[in-house]
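**Student:** Got a structure for you, questions after.
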Amino acid sequence: MKTDFHPVFQRNQQLIAPIVLVALLLLVAMLRAPRLFTIDGVGGAIIVGTPLILAALALTPIVLVGRGGVDLSVGPLLGFIKVTLVKWLVETGHSSPIVVVAYIVGSGVLYQVLIAAIIIYVRVAPIIVTLSGYLVLTGINLVILDRPSGVAPEWMQGWGYGTSIFSPVFFILMAMVILWFVFSRTVFYQQILLTGANERMAFANGVNTVAARFGAHIVAGVFTAAAALAYTALIGSGDPTQGNTYTLSAISALVLGGTSLAGGSGGGLGSILGAISMYLISYVLSTYNFGSVSGFVTQMSTGVILVISLLINSLMNRRA
Amino acid sequence: MSDAKDKVLAREIYKRFDETVALSGCSLTINPGEIHAIVGENGSGKSTLAKILSGVVLPDSGTVSIFGETPRDPMRARALGVATIFQEVLVAETLSVVDNIFAGTDSLWNRSRTRAEARDQSRKILRRFTGSEINPETLVQNLPLSVQQWIVIARALLANPRVLILDESSAALDLDATARLYFEIRRLRDEGCCVVIVTHRIAELIRVADRATVLRDGAVVGELVGTSISESNLLSMMSAKHVILETKVKPPPLTERPAGNVLLSAIDISVGPSAPRFDFHLRAGEIVGATGLDGQGHTDFLRVVAGLSPPFSGGISVAGRNAPESVRYLSEATAKGIAYISGDRAHDGIFPNLSIFENFALPLYRSTFGEFGWIYQRPLEQAFVKEIRRLSIKVARASKLITSLSGGNQQKVLIGRALAGAPRIIILDDPARGVDVATKQELHAQLKDFAGRGGAVIYLSSEIEEFFDFADCVLVFRSKTLFRTLPSTNFSEHALLAAMFGDLEALTPASNMEGAKRT
């Protein structure tokens, strides 16, 4: 224990790499595309980045609670909430804000409770359960809406312009981030971490591990609902397949943020930073002209950066 | 019934795991203000009983009453004031020391203490226990096993238990630390706590226990109180086989085994960065003991001679056909006939998700029972049956998971695996950890037999009684180097302890408690 860090650093050592990454990307962005640092730039970034940040936060408690749980279905769930919002609520005229919020939170939580119940009581590996969820929801989304169509609720029409920083999406983001930090200071969050780090130990010491697992999924449902709302603000029309891409992006963001997929280690701040990095990577790359292959270049670069950041994290762990 | 309000009772407990009967009609009463030891051979049901009392395992039938109430799960048991220190060191490795110490103490809606208070208390209690400053925010995975064990103990003690259950809790601690643990336990007893200890270290429990319950095959065979708790009484009740006891005061003189050729030499090695160098030679027919206080280098020495980690200087060589051949890697060590058996079964020994037979056979496929990637199944099975019989391992079916066996029987499988590989040198790192006396004596007999046939043994133990009438000499380590080599003619508890503590003038229990601050 030669390196006697300040307690805060010691606890959050896995955040060093993501912080450095975000700082580096901001630096490059500043040189390549200073437009990001205007009101329009920041406003747009918030609109585009918020769904991913919230989806990454939604994944975090599920990963933290362990057993190798990664919710693969987070993307299709996002899509499902949005597609049904457009098709079932808006088209039938039930589009008041209260109804919409109640519906999205309700369906997100309900879905996650169902998934958690299968994982806990049927004792199937979480990855299989959520993979099934991914496939089932993808199918359902296409049954409900076979091609992109529909519109967002009327009161959300102007949300996607991103012409000011303090857009409604910004306030959704802030509210959810604050909610996360309140959540992360509770005993309940501590019990999720304990369960993820060593389930037997947590159980033997009087932690209700079943409740912790259910709770982690419920929190995930709430955050997925918020992500779906932000996603609807970004793209108004219902799109049955577009949401699926969020699964892999959110997992990448989570890993970039230093959260261990084995559970019990990591946190929400890392996921937020990871999601910001994901956004910045594609933003910075879009300033280069790769022509028609730019999408592939973005994916490839993200993959490379992911591997490098994992290497850095494991090196730092070994040194400690 | 008012009597039951302040006692812990277990009545007619039955519990079976598949085909293994763990407890059959076990009853006991634990009084407040008493240290109650539960003793028994491997597989006699002690650990299961401890788990049932703490609510982790539910009995098939029978009742448990803790101050008049029945715990259905660990949460309820905890609320009733039960704190258990389990056999395995249960820690959350990716979390900090303070998170581990206060795991499960808070209810969802109110915290018992602030983070700063928790940090402060962790720092204090670990300073008291380990004598060193440990940053409470350090991740547990970065700490040595002995500190992790203290974390688990601190967790139980800080819960202000009314019932404290210790299941082999001193296993990972050295002598000095064990004394400190027993000091804490006595303090709790004097405050009126019900203390239950499950231990194999008979010498320890004779010193601390007020009452001892002896289990055999899942049932109580007798209870001893106060001064009647003695080694001979315990052992004769414990074992149907009637273990023959050697007197500790005067070990019978060992017949000199003819020392053979040098099998292994370690020249000029050091086992820690910039630790003093030393030489070591192991001869055929020799059983060499190794011991020391926690972290003094005896474990490092074993890992070095076994080829698990390279020495910081010098080299190891093994007698070859013509000239000594150097050993640098584990694969070379294995190929040259060095077998290593770890006492930390859960981490370094068994494959928990494989069967008993696979655990036995896995490392043998290539070296002994295979050729060009093809396995000779029949000879392997024959070898398995032979070793099972030789070591008298209780196996219901070879295809069952190894984890269905008790700890002692798992260890026996690992030893059988080593013997089946026909090694020349067997290196054992505290193999008797959590193993009962009868098994230990069988193990010693097997190793003596192995040495008699020209093999050589290096045997690490933290329990010095083990070396009497067994080892030819004992290497005592101190400050990461070989401090003293005691030949069997000089064995005495006093001499060994004195060497471990660096030749203190007088070794009183008091100096034992405070002595030897770890560096």
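These protein sequence lines are chains P and W, in that order.
According to the numbering used here, the first sequence is numbered sequentially starting from 1.
According to the numbering used here, the second sequence is numbered sequentially starting from 1001.
Heads up, the beta-carbon is just placed ideally off N, CA and C, and yes, glycines get one too.
Run through chain W and tell me which residues come within less than 7 Å of G206/P, C-beta to C-beta.
**Tutor:** As a position in the first sequence, residue 206/P is number 206, starting the count at 1. Near G206/P (Cβ distances below 7 Å), the residues of chain W are P1074, M1075, R1078, G1104.
**Student:** Can you give the beta carbon distance from L254/P to S237/P, rounded, assuming they're within the 8 Å contact cut?
**Tutor:** Position 254 of the first sequence holds residue 254/P. Position 237 of the first sequence holds residue 237/P. Incorrect: roughly 28 Å between the Cβ atoms, too far for contact.
**Student:** Using three-state DSSP, classify H1281/W as helix, strand or coil.
**Tutor:** Counting from one through the second sequence, the residue named residue 1281/W turns up at place 281. Strand.
**Student:** Hey, G43/P and I119/P: beta-carbon distance below 8 Å or not?
**Tutor:** As a working note, residue 43/P is residue 43 in the first sequence. As a working note, residue 119/P is residue 119 in the first sequence. No, they are not a contact pair.
**Student:** With a CB to CB cut of under 7 Å and the five nearest residues on each side skipped, what residues in its chain are close to V297/P?
**Tutor:** Counting from 1 along the first sequence, the entry for residue 297/P is found at position 297. Once the five neighbours on either side are set aside, the close Cβ partners of V297/P are L285, F290.
**Student:** Which chain P residues sit within Cβ distance under 8 Å of V1091/W?
**Tutor:** Mapped onto the second sequence, residue 1091/W falls at position 91. Result: N198, M201.
**Student:** With burial defined as no fewer than 16 other Cβ atoms inside 10 Å of the residue's Cβ, what is the status of Q1382/W: buried or exposed?
**Tutor:** Position 382 of the second sequence holds residue 1382/W. With fewer than 16 Cβ atoms within 10 Å of its Cβ, Q1382/W is classed as exposed.
**Student:** Using 8 Å as the limit for Cβ to Cβ distance, is L269/P near chain W?
**Tutor:** Numbered from its first residue, the first sequence carries residue 269/P at position 269. It does not: the Cβ of L269/P has no partner Cβ on chain W nearer than 8 Å.
**Student:** With a threshold of 6 Å on Cβ separation, who are the neighbours of R1155/W within its own chain once the five nearest residues in sequence on each side are excluded?
**Tutor:** Position 155 of the second sequence holds residue 1155/W. Counting only Cβ-Cβ distances below 6 Å, and skipping sequence neighbours, we find I1101.
**Student:** For chain P, check one thing: does any of its Cβ atoms lie closer than 8 Å to the Cβ of V1056/W?
**Tutor:** Within the second sequence, the letter at position 56 stands for residue 1056/W. So, interface residue.
**Student:** Enumerate in chain order the residues of its own chain whose CB-to-CB distance from S1002/W is below 6 Å, with the five nearest sequence positions on each side excluded.
**Tutor:** On the second sequence, residue 1002/W is found 2 positions in, with the first residue counted as 1. Annotation note: pLDDT 47 at S1002/W (below 50); position unreliable, coordinate value reported separately. Cβ neighbours of S1002/W beyond the five flanking positions: none.
**Student:** Sorted by chain position, which residues of the same chain lie with C-beta nearer than 7 Å to K1241/W's C-beta, five sequence neighbours on each side aside?
**Tutor:** Taking the first residue of the second sequence as 1, we reach residue 1241/W at position 241. Residue confidence for K1241/W is low, a pLDDT of 45 falling below 50, so the modelled location carries little weight and cannot support an answer.
**Student:** Tell me, please, which residues DSSP counts as bridged to W1374/W.
**Tutor:** Translated into positions along the second sequence, residue 1374/W becomes position 374. Paired residues: E1371/W.
**Student:** Tell me the residue span of the alpha helix (DSSP H) that contains F1483/W.
**Tutor:** Taking the second sequence and counting its residues from 1, one reaches residue 1483/W at position 483. Counting along the chain, F1483/W falls outside any alpha helix (DSSP H), though it belongs to the beta strand (DSSP E) covering 1481-1487.
**Student:** Would you say T1247/W lies against chain P (beta-carbon separation less than 8 Å)?
**Tutor:** One-based indexing of the second sequence puts residue 1247/W at position 247. Residue confidence for T1247/W is low, a pLDDT of 42 falling below 50, so the modelled location carries little weight and cannot support an answer.
**Student:** If you reduce the DSSP assignment to three classes, tell me which class T245/P lands in.
**Tutor:** Counting from one through the first sequence, the residue named residue 245/P turns up at place 245. Correct three-state label for T245/P: helix.
**Student:** Smallest Cα separation from I1425/W: which of A1319/W, I1350/W, P1487/W?
**Tutor:** On the second sequence, residue 1425/W is found 425 positions in, with the first residue counted as 1. Nearest option by C-alpha distance: A1319/W.
**Student:** Would you say T1114/W lies against chain P (beta-carbon separation less than 8 Å)?
**Tutor:** Position 114 of the second sequence, counted from the start, is the residue given in the question as residue 1114/W. By this cut-off, T1114/W is not an interface position.
**Student:** Is R1389/W helix, strand or coil when you go by DSSP?
**Tutor:** Numbered from 1 along the second sequence, position 389 holds the residue referred to as residue 1389/W. Helix at R1389/W.
**Student:** Select from the segment 162-184 of chain P all residues with a C-beta closer than 9 Å to any C-beta belonging to chain W, and list them in chain order.
**Tutor:** So nothing in the stretch comes that close.
**Student:** Shortest alpha-carbon distance to N1160/W belongs to which of V1304/W, T1063/W, T1105/W?
**Tutor:** For the purposes of this step, residue 1160/W is identified with residue 160 of the second sequence, where counting begins at 1. Nearest C-alpha to N1160/W: T1105/W.
**Student:** Does the separation of the CB atoms of A17/P and I281/P fall below 8 Å?
**Tutor:** Locating residue 17/P in the first sequence gives position 17, counting from the first residue. Locating residue 281/P in the first sequence gives position 281, counting from the first residue. No; because the gap between Cβ atoms is not below 8 Å, this pair is not in contact.
**Student:** Just curious, the beta strand (DSSP E) that S1326/W is in, first and last residue?
**Tutor:** If you number the second sequence from 1, residue 1326/W lands on position 326. First-last of the beta strand (DSSP E) with S1326/W: 1324-1327.
**Student:** When the Cα atoms are used, what is the spatial distance from A1495/W to F1280/W?
**Tutor:** Walking along the second sequence from the start, residue 1495/W turns up at place 495. Walking along the second sequence from the start, residue 1280/W turns up at place 280. Taking the straight line from one Cα to the other gives about 21 Å.
**Student:** Does the beta carbon of R1111/W come closer than 8 Å to any beta carbon on chain B?
**Tutor:** Any reference to chain B falls outside this structure, whose protein chains are P and W.
**Student:** Smallest Cα separation from A1290/W: which of S1232/W, E1117/W, L1497/W, E1325/W?
**Tutor:** Indexing the second sequence from 1 puts residue 1290/W at position 290. When each option's Cα is compared against that of A1290/W, the closest is L1497/W.
**Student:** Whose CA, out of V1097/W, L1158/W, E1034/W, lies closest to the CA of E1133/W?
**Tutor:** For the purposes of this step, residue 1133/W is taken as residue 133 along the second sequence, with counting starting at 1. Among V1097/W, L1158/W, E1034/W, the Cα nearest to that of E1133/W is on V1097/W.
**Student:** Would you mind stating whether L229/P and I104/P have Cβ atoms separated by less than 8 Å?
**Tutor:** Residue numbering aside, residue 229/P sits at position 229 when the first sequence is read from its first letter. Residue numbering aside, residue 104/P sits at position 104 when the first sequence is read from its first letter. Against a cut-off of 8 Å, the Cβ pair of I104/P and L229/P comes out as a contact.
**Student:** Let me make sure I understand the geometry here. Which of P1324/W, E1463/W, V1195/W, T1334/W has the alpha-carbon closest to that of G1033/W?
**Tutor:** Against the second sequence, residue 1033/W aligns to sequence position 33. Nearest C-alpha to G1033/W: V1195/W.
**Student:** Could you name the residues of the same chain whose beta carbon sits closer than 8 Å to that of V1057/W, not counting the 5 residues immediately before and after it, in chain order?
**Tutor:** Counting from 1 along the second sequence, the entry for residue 1057/W is found at position 57. Excluding positions up to five away in sequence, the list reads K1015, T1048, K1051.
**Student:** Please name the residue or residues paired with A1063/W in a DSSP beta bridge.
**Tutor:** Reading the second sequence from its first residue, position 63 is the one you call residue 1063/W. Before going further, note that residue 1063/W is Thr rather than Ala in the sequence given. T1063/W pairs with R1011/W.
**Student:** By Cβ distance below 7 Å, which residues in the same chain neighbour T1070/W in space, the five residues on each side in sequence not counted?
**Tutor:** Reading the second sequence from its first residue, position 70 is the one you call residue 1070/W. Counting only Cβ-Cβ distances below 7 Å, and skipping sequence neighbours, we find T1063, V1064.
**Student:** Under 9 Å between beta-carbons, which chain W residues line up against L280/P? List them in chain order, please.
**Tutor:** As a position in the first sequence, residue 280/P is number 280, starting the count at 1. By Cβ distance, chain W contributes nothing, its closest Cβ being about 28 Å from L280/P, past 9 Å.
**Student:** Which of the three DSSP states, helix, strand or coil, is assigned to V1527/W?
**Tutor:** Outside the modelled stretch of chain W, which goes from 1001 to 1519, sits residue 1527/W, for which no answer is possible.
**Student:** Since G1055/W is in the beta strand (DSSP E), which residue starts that stretch and which ends it?
**Tutor:** Here residue 1055/W refers to the residue found at position 55 when the second sequence is read from its first residue. Counting along the chain, G1055/W falls outside any beta strand (DSSP E), and DSSP gives it neither H nor E.
**Student:** Going by C-alpha distance, which of G1068/W, I1038/W, R1076/W, H1036/W is nearest G1055/W?
**Tutor:** Counting from one through the second sequence, the residue named residue 1055/W turns up at place 55. Answer by Cα proximity: R1076/W.
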